[in-house]
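Visitor: Numbered according to our numbering, the sequence shown spans residues 1470 to 1720.
Cβ coordinates follow ideal geometry from the N, Cα and C atoms, glycine included.
Starting off with a structure, shown below.
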Amino acid sequence: MNEFRTALSFLTVLPVGRSGERPALERAFPYFPVIGAGIGAAAGGLGAAAAEIWSPAVGAAAALAALAILTGGLHADGLADTADGWAAHPGAVRTPEGRSAVLTAMRDPRPGTAGVLALILVLGLQWTLLLELSLSAWMWSLAIVGSFSRLGMVLAAQGGRALTPDSGLGAEALNRKSFGRTAAAAAVAWGIAAGGVGLGPAAGILAASGLFAAACGRLFQRRFGGLTGDMLGAVNELTGLFLLLLLTRFF
């Protein structure tokens, strides 16, 4: 259960009691899809209930607000910081000066123009796509999105390396590789999706979202020369958006 608590404390703002020494973060990877699915299902259920009382537009906004509240806006903040870092330096970062400019922009607590625009675009698209789904599908759709977007973070971390050694838990996830636990996380996410859409479609979602998340991680790696916890948060948000696009197109 210590691994579950570690994943819960990393992915949410929910209070987690301490129970002995905290295990290494990669040992908690198999729980990432479970917690992501729980967050998504809770937000989807709340949003659907709000839509029944008021309107689908209000319900979609409530679902997105619930996602932000449950995670403390952590992943959205990572997306904004990554966008600011991207805009802070032209082209790939290949010098210490360029890396310093990027990290300064990403660590600034005040959001920059690029970060604000990224948040508006992603949240606006998420809201629009959620309205394309039937209310009865919101809970399981957001459960799938939550599960596979967290798996996307795991896949990006396992395929990258830390930009700096002082990135906290993000650096820990990036510096310690665990193929077995990554595979276990993928199997868990596939099982969750299979319960909603069937075995074959779940495998398709796993393949498509996994490739997308890995590509995002690789893109950030090439651009910045390494990854940070903020970039893993950006992978989560972008993979979630990609999954909503898939679900509205094929389901």
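Sort Gly1507, Arg1496 and Val1527 by Cα distance to Gly1516 and report the nearest one.
Guide: It is Val1527.
Visitor: Determine the DSSP secondary structure at Leu1696, reduced to helix, strand or coil.
Guide: In the structure shown, Leu1696 sits in a strand (DSSP, three-state: E or B).
Visitor: Can you tell me the Cβ-Cβ gap for Ala1671 and Met1608, rounded? I've got them flagged as a contact below 8 Å.
Guide: At roughly 16 Å, the Cβ-Cβ gap does not stay under 8 Å, so Ala1671 and Met1608 are not in contact.
Visitor: Residue range of the alpha helix (DSSP H) that His1544 falls in?
Guide: Here the alpha helix (DSSP H) through His1544 covers Leu1543 to Ala1557.
Visitor: Opposite Ala1631 in the DSSP bridges: which residues?
Guide: Answer is Leu1696, bridged to Ala1631.
Visitor: Going by Cα to Cα distance, which pick from Leu1572, Leu1480 and Gly1567 is closest to Ala1537?
Guide: Of the candidates Leu1572, Leu1480 and Gly1567, the one whose C-alpha sits nearest the C-alpha of Ala1537 is Leu1480.
Visitor: Alpha carbon to alpha carbon, how far is Leu1548 from Ile1589?
Guide: If you take the alpha carbons of Leu1548 and Ile1589, they lie about 11 Å apart.
Visitor: From Ala1683, Gly1698 and Ser1618, pick the residue whose C-alpha is nearest to that of Asp1659; which is it?
Guide: For the sequence presented, residue 1659 should be read as Trp rather than Asp. Per the Cα distances, Ser1618.
Visitor: With DSSP collapsed to three states, give me the class of Leu1483.
Guide: Residue state, collapsed to three classes: coil.
Visitor: Between which residues of its own chain and Met1622 is the CB-CB distance below 6 Å, once the five residues before and five after are set aside?
Guide: The residues are Leu1701, Val1704 and Asn1705.
Visitor: I'd like the list of long-range same chain contacts for Leu1707, defined as Cβ closer than 6 Å, with 5 residues on each side in sequence excluded.
Guide: Cys1685.
Visitor: What are the start and end residues of the alpha helix (DSSP H) that includes Ala1535?
Guide: Here the alpha helix (DSSP H) through Ala1535 covers Pro1525 to Thr1540.
Visitor: Which first and last residues belong to the alpha helix (DSSP H) in which Ala1606 is found?
Guide: Neither: Ala1606 is in no alpha helix (DSSP H) and is coded neither H nor E.
Visitor: Sort Pro1525, Leu1714, Ser1605 and Gln1690 by Cα distance to Ala1631 and report the nearest one.
Guide: Taking only the C-alpha atoms, the option nearest Ala1631 is Gln1690.
Visitor: Is it true that the segment 1650-1658 meets the segment 1589-1604, where meeting means three or more beta-carbon pairs spaced less than 8 Å apart?
Guide: Verdict: no, contact absent.
Visitor: Nearest to Gly1507 by CA position, among Ser1616, Pro1559 and Ser1478, is which residue?
Guide: It is Ser1616.
Visitor: Considering only the beta carbon of each residue, do Ala1495 and Arg1687 sit closer than 8 Å?
Guide: What sits at residue 1495 in the sequence shown is Glu, not Ala. In this structure, Arg1687 does not lie closer than 8 Å to Glu1495 by Cβ.
Visitor: By how many angstroms is the C-alpha of Leu1624 removed from the C-alpha of Ala1683?
Guide: So the two alpha carbons sit approximately 6 Å from each other.
Visitor: Going by beta-carbon coordinates alone, are Thr1697 and Thr1633 separated by less than 8 Å?
Guide: Yes, Cβ-Cβ distance for Thr1697 and Thr1633 is below 8 Å.
Visitor: Which of the three DSSP states is assigned to Arg1579 in this structure?
Guide: DSSP places Arg1579 in coil when its eight states are reduced to three.
Visitor: Can you tell me the Cα-Cα spacing of Thr1573 and Ala1497, whole angstroms?
Guide: Approximately 30 Å, taken between the alpha carbons.
Visitor: Go to Leu1515, then tell me how far its alpha helix (DSSP H) extends in each direction, as first and last residue.
Guide: It spans Phe1501 to Ile1522 - the alpha helix (DSSP H) in which Leu1515 sits, taken as one unbroken run.
Visitor: Helix, strand or coil for Ala1561 per DSSP?
Guide: The answer is coil: DSSP assigns Ala1561 none of H, G, I, E or B.
Visitor: What residue from Arg1474, Pro1484 and Val1614 has the CA that sits closest to Val1666's CA?
Guide: Out of Arg1474, Pro1484 and Val1614, Val1614 has the C-alpha closest to the C-alpha of Val1666.
Visitor: Could you check what DSSP says for Ala1684 in three-state terms: helix, strand or coil?
Guide: In the structure shown, Ala1684 sits in a helix (DSSP, three-state: H, G or I).
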